[in-house]
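J.: Be aware that the sequence shown starts at 372, since it is given in my numbering, and climbs by one per residue.
Ideal Cβ positions, reconstructed from N, Cα and C, are used throughout, including at glycine.
Computed from a prediction, not measured in an experiment: that's the story for all the values here.
Mind having a look at this structure? Questions to follow.
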Amino acid sequence: MEKVHCIILTGNSQFRGGVKTSGAYRIASELRKNGYNTKVIDMTVFHGFDEDIQNLLSSLISTDTLWIGISYNFLKDIFGVDSERVTPVTLTDGPVDQDLIDFIRFCRTLNPNIKIIAGGYKKFVWKVYGIHYFAGYSDETIVDYTNWCAKKAGAQLSYHLGETKSKEFDKFVTSQITYTDSDIMLPGVAVPIELSRGCIFKCKFCAFPLNGKTKGEWIKRTDVLRSEILYNYERFGITDYIFADDTHNDSTDKLRLFYDEVYSKLPFKINFSSYLRLDLLMRFPEQVQLLKESGLRSAVFGIETLNPKSAKIIGKGVNPQEQLAFLRDIKNGDWKNQVLTSSGWIIGLPADNIDTAAELREFLWSKDNPLDHWSISPLYIKPKHLWFEESMNMTTEFEKNYEKYGYEFPEYNSFSSINWENKKNGLSFKLVSQQVINLTDRNITHPNWHFGGFAAADVASCGVSYDDLVSRTAHEIFKMQGEKKLGEMKYEKGVEYKAALMNHYGLPLINPKLPELQKLGLRGTTLFGYRDNKKPKNHDNNEPT
Ligand code: SF4
Numbered sequence: 372m373e374k375v376h377c378i379i380l381t382g383n384s385q386f387r388g389g390v391k392t393s394g395a396y397r398i399a400s401e402l403r404k405n406g407y408n409t410k411v412i413d414m415t416v417f418h419g420f421d422e423d424i425q426n427l428l429s430s431l432i433s434t435d436t437l438w439i440g441i442s443y444n445f446l447k448d449i450f451g452v453d454s455e456r457v458t459p460v461t462l463t464d465g466p467v468d469q470d471l472i473d474f475i476r477f478c479r480t481l482n483p484n485i486k487i488i489a490g491g492y493k494k495f496v497w498k499v500y501g502i503h504y505f506a507g508y509s510d511e512t513i514v515d516y517t518n519w520c521a522k523k524a525g526a527q528l529s530y531h532l533g534e535t536k537s538k539e540f541d542k543f544v545t546s547q548i549t550y551t552d553s554d555i556m557l558p559g560v561a562v563p564i565e566l567s568r569g570c571i572f573k574c575k576f577c578a579f580p581l582n583g584k585t586k587g588e589w590i591k592r593t594d595v596l597r598s599e600i601l602y603n604y605e606r607f608g609i610t611d612y613i614f615a616d617d618t619h620n621d622s623t624d625k626l627r628l629f630y631d632e633v634y635s636k637l638p639f640k641i642n643f644s645s646y647l648r649l650d651l652l653m654r655f656p657e658q659v660q661l662l663k664e665s666g667l668r669s670a671v672f673g674i675e676t677l678n679p680k681s682a683k684i685i686g687k688g689v690n691p692q693e694q695l696a697f698l699r700d701i702k703n704g705d706w707k708n709q710v711l712t713s714s715g716w717i718i719g720l721p722a723d724n725i726d727t728a729a730e731l732r733e734f735l736w737s738k739d740n741p742l743d744h745w746s747i748s749p750l751y752i753k754p755k756h757l758w759f760e761e762s763m764n765m766t767t768e769f770e771k772n773y774e775k776y777g778y779e780f781p782e783y784n785s786f787s788s789i790n791w792e793n794k795k796n797g798l799s800f801k802l803v804s805q806q807v808i809n810l811t812d813r814n815i816t817h818p819n820w821h822f823g824g825f826a827a828a829d830v831a832s833c834g835v836s837y838d839d840l841v842s843r844t845a846h847e848i849f850k851m852q853g854e855k856k857l858g859e860m861k862y863e864k865g866v867e868y869k870a871a872l873m874n875h876y877g878l879p880l881i882n883p884k885l886p887e888l889q890k891l892g893l894r895g896t897t898l899f900g901y902r903d904n905k906k907p908k909n910h911d912n913n914e915p916t
């Protein structure tokens, strides 16, 4: 039996077994570099804690296994645990988190000394379950913790406390994500790649530990990036990327350096999707051509609002109409039939009013709209009891000073509750959430709707070329695929991943299907069958929806 030291359970519930999320694989890369055999498993393809995942864990966990880690991403999806739980569930409140308890018991039966750990950026009652929790970028801390578990000399920290606030990873600039065969790289799949960490801006609705960083900091070295991209190509044939870089165009010098030292020196051309700021593109128009030459195929902006007053308040002060006029020019010029354009929008900002959603709809459906794709969210403001570690810069200006902007929280709820009201503009979270649902439900019927944003990478991973994605609407793509819907395309990839995963470990596949998908809510989030294993088998409809 192979000695496995660390196991990370992760998943992308938007694309089970498909496009990977970066955190688990970054942590795994650091551990592997330090001699720890680490396996990463996408849990979202299993029917809760079912027989297949139990067989898989039984084959991996031995007395050599130091820990098994849960990425917060899939906690809700698999164990049916409320996200952002801040108080323990008791028998009088309702059912306890039985699946999570079963999972812990199962792991401890295989190895009574195994540690269970978790990481992510949300609150949960980890200590109640004896789960050690790592907050923040844990690239370095996790190696130290693993050394401590392995009783190696020189481990710096004590880990009896139940929680570790990780330091920033100052070796980021020379770090890579190094995939291995056990990560199951499906042919043609896009992967995330980190180019930098942090953002030079501090928009009032946004908070991450490295927001407000100094320009030029936390940028990966070009030789390191080039060798990472080359390795992925030579080993797995990877050419498509999702750039993990909060504001990729924060500096023209950075873009030029990456082009000169990385992309132009590769023996192939990459395709990538990335966050960009449209106001910066307008200010530095030379970036338009540079980004296209670098391989940009899907630009994801955050224009956020059409309301100039709201734009100013949030910290994105360039008039939205001027930005959109500039975008129209480049969509008809340099980016024509080359680059998809998408933007995020927020409803419920301080200067918004009851008509804001209708005005946005009118614009999105007008012939003046240069966007191929968009996503709309209500403004999220977490009340204080849901704030993540304040010391880790994860609290937004709107959260810290909500009263100043007219927000209040009349309904207190000890679980997830973001039911703000704003008497100044007459809006509430409930009201704008409904407006968002009404708007979002119609997106797919828009005659010019494309698979833009980060969905472009998903569809490309299902075998559709970027040239088709840019030049054809979603409806035309469906037609090309014999009316197969995106959910079905992704489902097939998930099935492929699951079969390849079990085959990699030489295990039989008892249930080749994926769990049932259920539409969950505002962001098109999908919650799926964490309770499937409790349903009678003949009622378990596992077909894609
Ligand atoms: S919204 Fe975008 S630009 Fe603003 S702080 Fe967040 S990551 Fe940076």
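For D515 versus A526, is the C-beta spacing smaller than 7 Å?
T.: Contact flag set, yes.
J.: What does DSSP give as the partner residues of Y646 in its beta bridges?
T.: Looking at the DSSP assignment, Y646 forms a beta bridge with V671.
J.: Count Cβ pairs between the stretch 669–680 and the stretch 701–718 that sit closer than 8 Å; are there 3 or more?
T.: Flag = yes, the stretch 669–680 and the stretch 701–718 touch.
J.: DSSP state of I590, grouped into three classes?
T.: Reduced to three states, the DSSP call for I590 is strand.
J.: What is the DSSP secondary structure of D621, counted as helix, strand or coil?
T.: Coil at D621, not helix or strand.
J.: From P741 to L735, what does the alpha carbon distance come to, in whole angstroms?
T.: Roughly 9 Å between the two C-alpha positions.
J.: Using 8 Å as the cut-off, can you tell me whether the stretch 648–659 makes contact with the stretch 599–615, which would need three or more C-beta pairs spanning the two stretches below that distance?
T.: No, the stretch 648–659 does not touch the stretch 599–615.
J.: To the nearest angstrom, how far is the alpha carbon of S785 from that of A722?
T.: Bear in mind that a pLDDT of 46 at S785, under 50, signals an unreliable position, so the model cannot answer this.
J.: Hey, D421 and F450: beta-carbon distance below 7 Å or not?
T.: No. Outside cutoff.
J.: Work out the CA separation of G490 and M763 for me, nearest whole Å.
T.: In a straight line, the C-alpha of M763 is about 14 Å away from that of G490.
J.: Could you check what DSSP says for F477 in three-state terms: helix, strand or coil?
T.: If DSSP states are grouped into helix, strand and coil, F477 belongs with the helices.
J.: Below 8 Å on the Cβ atoms is my contact criterion, and I expect A929 with A615 to pass it. Report the Cβ-Cβ distance as a whole number of Å.
T.: Coverage of the chain is limited to positions 372 through 916, which leaves residue 929 absent and any answer about it impossible.
J.: Confirm, please, whether the CB-CB distance from I685 to F576 is below 7 Å.
T.: Yes, these two residues count as a Cβ contact at 7 Å.
J.: Looking at the structure shown, is Y751 part of a helix, part of a strand, or coil, going by DSSP?
T.: The answer is coil: DSSP assigns Y751 none of H, G, I, E or B.
J.: Using CA atoms only, rank isn't needed, just tell me which of I439, L840, F697 is closest to A395.
T.: Ranking the options by Cα distance to A395, first place goes to I439.
J.: Our contact map puts S635 next to R668 with C-beta atoms below 8 Å; I'd like the distance itself, whole angstroms only.
T.: That belief does not hold up - the Cβ atoms of S635 and R668 are roughly 17 Å apart, past 8 Å.
J.: How many angstroms separate the CA atom of H619 from the CA atom of T434?
T.: Cα to Cα, H619 sits roughly 44 Å from T434.
J.: Can you give me the C-alpha to C-alpha distance between C833 and E774, rounded to a whole angstrom?
T.: In a straight line, the C-alpha of C833 is about 46 Å away from that of E774.
J.: Taking buried to mean at least 16 other C-beta atoms within 10 Å of its own C-beta, is S384 buried or exposed?
T.: That one is buried.
J.: Rounded to the nearest angstrom, how far is the Cβ of L481 from that of S429, given a contact under 8 Å?
T.: Confirmed, about 6 Å.
J.: Should I378 be labelled buried (16 or more other beta-carbon atoms within 10 Å of its own) or exposed?
T.: I378 comes out buried.
J.: Grab the span of the beta strand (DSSP E) containing C377 for me, first residue to last.
T.: First-last of the beta strand (DSSP E) with C377: 377–381.
J.: Excluding sequence positions up to five away, which residues of its chain have a Cβ less than 7 Å from the Cβ of G797?
T.: Correct list, in chain order: N724, I725.
J.: Got a sec? Which residues, its chain only, sit under 7 Å from D473 by beta carbon, not counting five neighbours each side?
T.: Within the same chain, D473 has close Cβ partners F420.
J.: Considering Cα atoms alone, identify which of K687, I701, D554, Y508 is closest to L661.
T.: Considering only alpha carbons, the answer is I701.
J.: Can you find the residues in the same chain that come closer than 6 Å, C-beta to C-beta, to L380, ignoring five residues on each side of it along the sequence?
T.: For L380, where only same-chain residues beyond five positions count, the Cβ hits under 6 Å are I412, M414, I441.
J.: Could you check which residue in I432, I881, E539, Y837 has the C-alpha nearest to that of K640?
T.: Closest by alpha carbon: Y837.
J.: Identify whether W745 lies in helix, strand or coil by the three-state DSSP scheme.
T.: Three-state DSSP puts W745 in a strand.
J.: Please report the straight-line C-alpha distance between L885 and G388, rounded to a whole angstrom.
T.: Distance between the alpha carbons of L885 and G388 is about 10 Å.
J.: Could you spell out the range, first to last residue, of the beta strand (DSSP E) harbouring V710?
T.: Note, V710: premise wrong, no beta strand (DSSP E); not H, not E.
J.: What residues in its chain sit with their C-beta under 7 Å from that of Y630, if we drop five residues either side in the sequence?
T.: Counting only Cβ-Cβ distances below 7 Å, and skipping sequence neighbours, we find L661, E664, S665.
J.: Quick one, are the C-beta atoms of V803 and I881 less than 7 Å apart?
T.: The answer is no: Cβ separation not under 7 Å.
J.: Taking 6 Å as the line, does the beta carbon of D468 fall inside it for any heavy atom of the ligand SF4?
T.: No, the beta carbon of D468 sits no closer than 6 Å to any heavy atom of the ligand SF4.
J.: Answer yes or no: the CB of D421 versus the heavy atoms of the ligand SF4, is any distance below 6 Å?
T.: The answer is no for D421.
J.: Decide if D624 is buried, meaning its Cβ has at least 16 other Cβ atoms within 10 Å, or exposed.
T.: Flag for D624 reads exposed.
J.: Which first and last residues belong to the alpha helix (DSSP H) in which F800 is found?
T.: It spans 800–812 - the alpha helix (DSSP H) in which F800 sits, taken as one unbroken run.
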